[in-house]
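Just so we're aligned: the sequence shown equals residues -20 to -1, 1 to 741 in mature numbering (1 follows the signal peptide of the UniProt record, and there is no 0). For reference, the structure is listed below as structure tokens.
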Amino acid sequence: MRIQISSWLLLVCFCSSFFGLHPILVSGRCLDNQKVLLLALKNEVQFDSSLSTKLVGWNQSVDCCDWGGVACDKTGHVIGLDLSNESISGGFNGSSSVFSLGFLKSFNLAYNSFNSAQLPLGFGKLTQVSYLNLSNANFVGQIPGDFSSMKRLVTLDLSSSPYYTLVLENPDLKMLIQNLKEVRELHLDNMKISTHGYHWSGVISSSLPNLQVLSLKSCGLSGPLDSSLSMLKNLSVILLDENTFSSDIPESFGSLQNLRVLSLRACNLSGSLPKKIFQIPTLKTIDLSSNVILKGPLPEFPENGALENLLLSYTEVGGKLPDSIGNLPLLSRIELRGCKFTGPIPDSMKDLTHIVYLDLSSNHLTGSIPSFRLSKNLAYLNFYLNNLTGGIPSFQGLNSLQFLDLSYNSLNGDFPESLLALPSLEYVYLSNNRLSGQFRKDIDVSSYKLRILDLSSNKFVGPIPGFIFKLPVLSTLTLSENNFNGVVDLEMFGKFKELYALDLSYNDLTIKVNIGSKSSFSSELNTLKLASCKMQELPNLKNQSRLMMIDLSDNELRGEIPNWIWEVGNGYLRFLNLSSNKFSSLQKPYTFPFLLDVLDLHSNVLEGDIPIPPRRVYHLDYSNNNFGSSIPVNFGNVLTSTLFFSMSNSKLVGVIPQSIRNATSLRVLDLSHNTLTGPIPSIGNSKDLQSLDLSVNKLNGSIPVELANLSLLSFLNLSYNHLSGKIPQGSRFQTFTELSFKGNKELCGPPLKKSCDKKRI
């Protein structure tokens, strides 16, 4: 294959600047004064010798021009010093020996850990340096002013991580770069740059006439995005992600005829996509994703365009995908997730032979799925949450395909068993479609790599296919909400040595649990959902140390809830649903896991004392039981994080404790259909309360006035109690009808027809 010389030179230049590689002209012997300076530098800095690959090898007996990270010219002077990734943590200051290396042209300290040290003065002495890389070295604070004396700089990289921030305030951006006329690459990612409005772009365009690469990601820059950057005709890479420009994309950017990469992700851009930018013949990557008000259709693409990466996810860009997308033979990555695209997937996309990553999820696409038979490199295909119809193509020949998500569409027909023959396929999501039919039993899957198989919410019938139990590395199996039937021995799932999640809920299955058997599952199990599986015995989960989510609801389990279940997951159990069974009590002693978020025991026959939950629980449902007891006095004190709490229809007696006022996070409170007495306690502190149901009790007294001030309250039912007095008036109460208050003979005032006389009030 012939490569154009210009392209090759461009690649060499790019790699040289990116990796800090420079010509190394080694003499037979380095100068003694150079060796002395380098050995002094080694003694000055602190570094971890066990992680070092360069400094650790510097010693007196070896020519210093042969030391790792050192480059010399023909006269034996050190001209290049690469100490990147050397785990240096300190000892670099203004008196450092490196500032005496007067012939130094390239200096790289990237990816060290200077632990929030300030950048020292001294860089201004390195007047010959053309390449300086201090990126991600954990320096912080103001950039010293003497950097502006490095007039021969061609590449300057001071990028930092979000956790260690450098600052350009005094001196500011203009003072730093106004003398750096030779700079071609400027990287200041995550630096806090003090600037007024859009003036930063004018400073750059007037100070750096030779600029080719500009990277100012997440620098706190503001807009509008100015057209002055288009004056820099040599610009080939623009990376300005995660700033706040709040403007349109300048049409003048379309005049940058050398532009290869334009990335303006998450910049609060507005307006429509500029058509001219997509016509730039050199453009390879455009990323405008996460600009949530950027809109308009995709423009037509030119014949034989150079575009390789098209990234517009989470924007308002929409309409029909143009057929001319097939004009881009080099396209390898398309990300249009969460946009507004409609209509069919263009048939021309089947001609994209270089495509590797294709994500059109969360749009409004219709029609059928192309075969992509020519896309031999396709590894990732995601059409989740569209309106696609028809059958699933066989995808035969897509031997690189690893990830397939077609869930939440309207696909129908049988499961294409040819999918299981794709040698690289690891993740398959087909849930929430209209797929149907019964699986064959005799499929050889011994060599398949499938790790995740999600067929939930379809219309599959028949027994769970036997080939599933032969998938050697399966970690997640989700078959819920289908019509699978038959008896399944839970011990069959012990064959999965890496099983992480299992969901067989809501089929027509009967799960057989062998009493007294050891755990049937892998030690990796995190999620177990066996709701509505006609189980009569609890599976043995005692040794599942990583299990965090259990749903065994709507089965035929009875007797005591064993106390070992609270120890599952070594205290990390987060979700437990045992509702709609026939449990009568909790085995004592028991201690709820501290991290439990959801506890659902509704619709059992639990009796006796009400279990006090852990303080973290945000969803607590004890409704439809037979407790026959009162709510503990301090119960509300443990509900400070609870969003949902229901004990309706549970034969409660006594009063609602005053501690309920401490449940300030509540959004839903339901204590209806009990025999509770006494007044309604003050719950005005629950500012987020949206639903309150205390109906069908024996509560008395007046309705607390502060209820009328709950601005989010959208459902209220106080009917069929013994409440009295005037119904409080407020903006929310005006939305409730008499149904919320009926059955209280002594209540009066709107919305009831019964008026309040002065004596009654």
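Quick reminder that beta carbons are idealized off the backbone N, C-alpha and C, glycines included.
Ile266 and Leu291 do touch by the CB rule: their CB atoms are close to 7 Å apart, below 8 Å. About 7 Å separates the CB atoms of Gly347 and Ile325; that is less than 8 Å, so the two are in contact. The continuous beta strand (DSSP E) containing Asn463 extends over residues Asn463 to Asp469. Within the stretch 130 to 192, the complete beta strand (DSSP E) segments at least 3 residues long are 135 to 137, 146 to 148 and 165 to 167, listed from N- to C-terminus.
Distance check between Gln376 and each of Ser351, Pro309 and Ile660 places Ser351 closest, using alpha-carbon atoms only.
Distance from the CA of Phe103 to the CA of Leu81, rounded to the nearest whole angstrom, comes to 11 Å. For the options Asn680, Asp483, Lys678 and Gln709, the alpha carbon positioned closest to that of Asn689 is the one of Gln709. Taking 8 Å as the cut-off, the Cβ atoms of Leu156 and Leu148 count as close. Taking 8 Å as the upper bound for CB-CB distance, Cys513 and Ser485 are in contact here, some 7 Å apart. Pairing Phe258 with Leu18, the inter-Cα distance amounts to about 50 Å.
Out of Gly446, Val493, Ala511 and Leu479, the CA that lies nearest to the CA of Asp469 is found in Val493. Secondary structure at Arg313: strand, using DSSP grouped into helix, strand and coil. In this structure the stretch 209 to 219 lies against the stretch 184 to 192, because at least three pairs of beta carbons, one per stretch, are closer than 8 Å. The beta carbons of Ser341 and Arg313 sit about 14 Å from each other, so the pair does not count as a contact at 8 Å. Within 10 angstroms of the beta-carbon of Glu165 lie 16 or more other beta-carbons, which makes it buried. When secondary structure is reduced to three states using DSSP, Gln122 falls in the strand class. Inter-segment contact for the stretch 66 to 75 and the stretch 18 to 28 is present: three or more beta-carbon pairs are separated by less than 8 Å. Judged by DSSP in its simplified three-state form, Asp28 adopts coil rather than helix or strand. Taking 8 Å as the cut-off, the beta carbon of Asp206 is found no closer than this to the beta carbon of Ser174. Closest by C-alpha distance to Asp331, out of Cys319, Lys320 and Leu310, is Leu310. When the Cα atoms are used, Lys667 and Val685 turn out to be separated by approximately 14 Å. When Gln638, Ser671 and Asn677 are compared, the shortest CA-CA separation from His653 is found for Asn677.
When DSSP states are grouped into helix, strand and coil, Gly616 belongs to the helix group. Per the coordinates, the alpha-carbon of Leu345 lies some 5 Å from the alpha-carbon of Thr322. Using a 10 angstroms sphere on the CB of Ile495, the tally of other CB atoms stays under 16, which defines it as exposed.
The beta carbon of Ser460 lies closer than 6 Å to those of Ser436, Asp483, Ser485 and Tyr486 in the same chain, with the five residues before and after it left out. Only buried fits Thr135, as 16 or more other CB atoms lie within 10 angstroms of its CB. With a cutoff of 8 Å on beta-carbon distance, Phe395 and Phe419 are scored as near each other.
Taking 8 Å as the cut-off, the Cβ atoms of Asn271 and Asn248 count as close.
With a cutoff of 8 Å on beta-carbon distance, Ser128 and Gln158 are scored as near each other. For Glu231, the three-state secondary structure derived from DSSP is helix.
A Cβ-Cβ distance of about 4 Å is found for the pair Leu586 and Asn605, placing them in contact under the 8 Å criterion. Annotation for Pro324: the continuous beta strand (DSSP E) segment containing it runs Lys320 to Pro324.
Sequence-distant partners of Gly177 (beyond 5 residues in either direction) whose C-beta falls short of 7 Å from its own C-beta, in its chain, are Ser202.
Secondary structure note for Tyr360: its beta strand (DSSP E) is the uninterrupted segment Tyr360 to Asn362. Per DSSP, the continuous beta strand (DSSP E) segment holding Thr369 begins and ends at Asn367 to Gly370.
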